[in-house]
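Trainee: For the sequence shown, the positions run 79 to 286 when the working numbering is used.
For glycine and all other residues, C-beta sits at the position ideal for the given N, C-alpha and C.
Quick one: this structure, given as structure tokens, is what I'll be asking you about.
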Amino acid sequence: MSALPLSVLHAPVFFTVFAASHAFGPAPLPNHPTIPAHVDRSAPTGVLCSIEEGDSSRDAQVRQMIRSADAIIVAVARRPATAAELRFAPGAFGQPVRDGVVFGTVQVLRGKPVPDTLVIEGELTERDDFNAYGAPYPAVRPSGERGSCFAKEYRRGAEFLLVLHRDDKSRLTPYWWPLLPSNEQLHMPKDLWLTWVRSQIDETKSRP
């Protein structure tokens, strides 16, 4: 296995990536460092991520994710997406989208315009997938810690805090910062992660 520099969107987080090819996803934005990664050309199709030991900058990365997001919303997972709707859903790392979930926008915390409905890659489940860490979360919820880089399971009818980025086609996606909490399920009616993110948004607004 050879170690190669690999640019994955524009997230300055260190992780190990195993992939069939390193030619996926758009190029990073200017002024963002590339990510050291290992590329295994014999690996199964797809991308696998894991946090490397010694990564002590998670808190700063989470704060930067919140500041850099194009939109932050509360949305409810409603139903599976149809084949026609999937055509407009961006896939993580530019990969094809096989399954998707239609979300209804409940509240826009930051960013406009945000549509009333969003189609996001993933699948509906009947089980909760709450983050195992205390807020503010330093990493993704459990279903995103299985090597896939992102959590893509959503409980039907549950509300999620989506920290979104616009891709090169202006489509909103939560799959832009691997292994960080960009699509967390909320504990309603009062959620400590939501409260913390609101405080970060307010802090950003108060800066000159």
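Which residue or residues does DSSP assign as beta-bridge partners of H243?
Mentor: The partner list for H243 (beta bridge, DSSP) reads T251.
Trainee: Once the 5 residues before and after S221 are set aside, which same chain residues still bring their CB inside 6 Å of it?
Mentor: Closer than 6 Å at the Cβ level, and outside the excluded window around S221, lie D207, A229 and E231.
Trainee: Check each candidate in M266, K268 and G169 and name the one with the smallest Cα separation from Y253.
Mentor: Closest option to Y253, Cα to Cα, is G169.
Trainee: Apply the 10 Å Cβ neighbour rule to E68 and answer buried if 16 or more other Cβ atoms are within range, or exposed otherwise.
Mentor: For the chain, the structure presents residues 79 to 286; residue 68 sits outside this window and is missing.
Trainee: If we ignore side chains and look at the alpha-carbon of each, how far apart do V154 and F238 end up?
Mentor: When rounded, the distance between both Cα atoms is 6 Å.
Trainee: Return yes when the C-beta of E204 is under 8 Å from any heavy atom of the ligand COA, and no when it is not.
Mentor: Looking for the ligand COA in the displayed structure turns up nothing, as the structure carries no ligands at all.
Trainee: Decide if R219 is buried, meaning its Cβ has at least 16 other Cβ atoms within 10 Å, or exposed.
Mentor: Buried, by the Cβ-count rule.
Trainee: Between the C-alpha atoms of D137 and P216, what's the straight-line distance to the nearest angstrom?
Mentor: Whole-angstrom Cα-Cα distance: 6 Å.
Trainee: Any chance you could list the beta strand (DSSP E) runs of at least 3 consecutive residues sitting entirely within the region 140-179, in chain order?
Mentor: Counting whole runs of 3 or more residues, the region 140-179 contains the beta strand (DSSP E) stretches 149-158.
Trainee: Among the residues of its own chain, which have a CB less than 7 Å from the CB of P108, if the five just before and after it don't count?
Mentor: The predicted position of P108 is uncertain, since its pLDDT is 29 and thus under 50; a value taken from the coordinates is nonetheless stated next. Cβ neighbours of P108 beyond the five flanking positions: none.
Trainee: Whose C-alpha, out of L257, G178 and V152, is nearest the C-alpha of D299?
Mentor: Absent from the model: residue 299. The displayed extent of the chain is 79 to 286, so no value can be given.
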